[in-house]
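Input: a single structure, listed below in structure tokens.
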Amino acid sequence: MDLFEYQAKELFGRHGIPVPMGDVARSPEEARVIADELGVPVVIKAQVKTGGRGKAGGIRPAPGPAAAEEEAARVLGMEIKGHVAHAVLVEAATVPFEEYYAAFLVDRASGSFLAMVSAQGGMEIEELAARDPGALVRMPVDPVRGVDGEELAAKAGLPAAAAAVLERMWDLMVGEDALLVEVNPLICTTDQRIVALDGKVTLDGNAAFRHEREPAELTGSLEDRARAKGLNYVKLNGSVGVIGNGAGLVMSTLDVVAAAGADPANFLDIGGGAGAQVMADGLEIILSDPDVRSVLVNVFGGITTCDAVATGIVTALELLGERGRARPIVVRLDGNNAEIGRRILSDARHPAVRQIPTMDGAAELAARLAAGA
1 MDLFEYQAKE LFGRHGIPVP MGDVARSPEE ARVIADELGV PVVIKAQVKT GGRGKAGGIR
61 PAPGPAAAEE EAARVLGMEI KGHVAHAVLV EAATVPFEEY YAAFLVDRAS GSFLAMVSAQ
121 GGMEIEELAA RDPGALVRMP VDPVRGVDGE ELAAKAGLPA AAAAVLERMW DLMVGEDALL
181 VEVNPLICTT DQRIVALDGK VTLDGNAAFR HEREPAELTG SLEDRARAKG LNYVKLNGSV
241 GVIGNGAGLV MSTLDVVAAA GADPANFLDI GGGAGAQVMA DGLEIILSDP DVRSVLVNVF
301 GGITTCDAVA TGIVTALELL GERGRARPIV VRLDGNNAEI GRRILSDARH PAVRQIPTMD
361 GAAELAARLA AGA
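Shown next as structure tokens:
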């Protein structure tokens with residue numbers, strides 16, 4: 001479960017990780033009150049579970065309460081990569097002297113914990129790793145031994161004052177059953193204080209029974225709407241919507257779409273026993289994404305029969321009306337009751353639906369349609 005920045009910083013506070021003073025506002029008027037109480041220049045930060053907020057205009061400085069109200073009005077309701085900002089963090093503006101990067105995560109490739117620290121922060125870690133691989137220190141973490149903050153800070157070129165914060169980040173990782181704890185940037189102020197200016201935390205949902213936590217806040221995002229329908233959906237940054245049955249098949253479909261020259265817009269697994277309603281729900285979610293320019297439905301019928309999938313597609317398109325006609329839908333059905341499913345789609349004669357018998361061929365057509373070819 002990904003947390004909003006303000007939720008991550010609440011956990012930071014519990015574990016002794018310094019953060020700027022601030023509070024959450026869900027209206028411009030609340031933002032003004034918080035800024036007035038802080039009594040210093042503030043920053044208005046969109047609360048969305050995605051990156052790129054600064055480039056999208058979701059982080060705005062405000063020198064006083066009136067400006068805070070005005071900037072909050074601009075940010076609230078803003079959509080960033082399919083996520084709508086229903087709240088803002090009103091936070092005391094903090095000027096960095098130096099910026100660093102620090103993260104602890106579960107490294108699935110090695111089956112262990114990994115620390116990643118750099119003396120160069122404030123940019124996307126992928127950009128940093130590509131531009132200057134030597135600037136990012138990667139160190140495996142023994143879960144029994146824990147973290148030696150002084151050793152880690154020294155290797156990465158961080159000041160000694162950062163050592164305690166690194167150790168507290170590890171304490172949060174273990175104590176909260178987190179899969180990721182990231183601060184970018186972790187800053188050193190002009191008076192030599194180490195402060196977490198941003199924060200990302202992903203909690204292990206399988207360990208939720210060990211913790212007393214408030215229910216996840218629903219924001220109206222596509223992922224929240226999908227979760228409410230019981231769908232396994234992840235928003236991505238491409239233009240080809242993808243639906244499949246089974247995580248392995250969906251992952252393979254994402255790879256085939258990429259090989260065809262397009263970027264997938266999402267991961268959506270309708271599962272092994274899904275019926276027509278689940279298929280209809282999944283298609284409705286994907287067609288609600290403005291980034292999607294074509295849809296690829298790739299199903300191998302087993303427990304989920306192809307006729308049930310086809311019925312779900314027809315049902316969804318009937319419910320969506322004109323929205324269902326706006327973007328092309330490429331369907332590849334194979335396996336249990338495939339012939340019946342193909343006949344159902346053919347008989348429906350929906351203008352948005354194209355049927356292709358192979359996965360590669362379907363991906364290539366979806367990629368061309370997304371590109372407008």
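When we follow UniProt numbering, the leftmost residue of the sequence shown carries the number 1, and every step to the right adds one. The beta carbon of each residue, even a glycine, is placed where N, CA and C say it ideally should be.
C-alpha distance - T94 paired with G54, whole-angstrom precision: 16 Å
Cα-Cα separation between I34 and L89, rounded to whole angstroms: 10 Å
Candidates N232, V147, R327 and P18: closest to M1 by CA position: N232
Residues near A226 by beta carbon distance below 7 Å, same chain, minus five either side: Y233 and I285
Cα-Cα separation between A316 and G324, rounded to whole angstroms: 8 Å
Cβ pair count under 8 Å reaching 3, the stretch 93-109 against the stretch 160-170: yes
Short Cβ contact (8 Å threshold) for T202 with A178: yes
Beta-carbon contacts of L320 that lie in its chain and below 7 Å, excluding the five residues immediately before and after: E284 and L287
Neighbourhood of L249 by C-beta, 7 Å cutoff - its chain only, sequence neighbours within 5 removed: N298 and F300
A160 versus R193 - alpha carbon distance: 11 Å
Exposure label - V40; buried when at least 16 CB within 10 Å: exposed
Alpha helix (DSSP H) segments (min. 4 residues) lying fully within the stretch 142-188: 149-156 and 162-175
Best match in L369, R138 and V183 for proximity to Y6 [C-alpha to C-alpha]: V183
Where the beta strand (DSSP E) through I243 begins and ends: V240 to G244
As assigned by DSSP and simplified to three states, the class of A352: coil
As assigned by DSSP and simplified to three states, the class of L105: strand
Cβ-based burial, F12 [other Cβ within 10 Å; buried from 16]: buried
Best match in D269, V19, E150 and V117 for proximity to V137 [C-alpha to C-alpha]: V117
Rounded C-alpha distance that separates A67 from A85: 18 Å
Cβ neighbours of D36 in the same chain (closer than 6 Å, five flanking residues each side left out): P65
Buried or exposed (CB count within 10 angstroms, at least 16 for buried), N266: buried
Integer Cβ distance of V257 from A367, believed to fall under 8 Å: 6 Å
Exposure label - G199; buried when at least 16 CB within 10 Å: buried
CB of A196 within 8 Å of CB of V48, strictly: no
For R60: DSSP bridge partner residues: I44
Own chain residues within Cβ distance below 6 Å of P264, not counting five before or after: L236, G238, V240, V242, L254 and V257
Residue closest to L38, alpha-carbon to alpha-carbon, out of A62, E70 and L152: A62
E99 to G157 span [Cα, whole Å]: 12 Å
Cβ pair A46, G58 closer than 8 Å: yes
Alpha carbon of A25 to alpha carbon of F4, nearest angstrom: 13 Å
For L236, three-class secondary structure by DSSP: coil
Alpha carbon of L114 to alpha carbon of V141, nearest angstrom: 5 Å
Distance CB(V353)-CB(R327) smaller than 8 Å: no
With 16 other Cβ atoms within 10 Å as the buried cut-off, status of N245: buried
Burial state of V144 (16 or more Cβ within 10 Å): exposed
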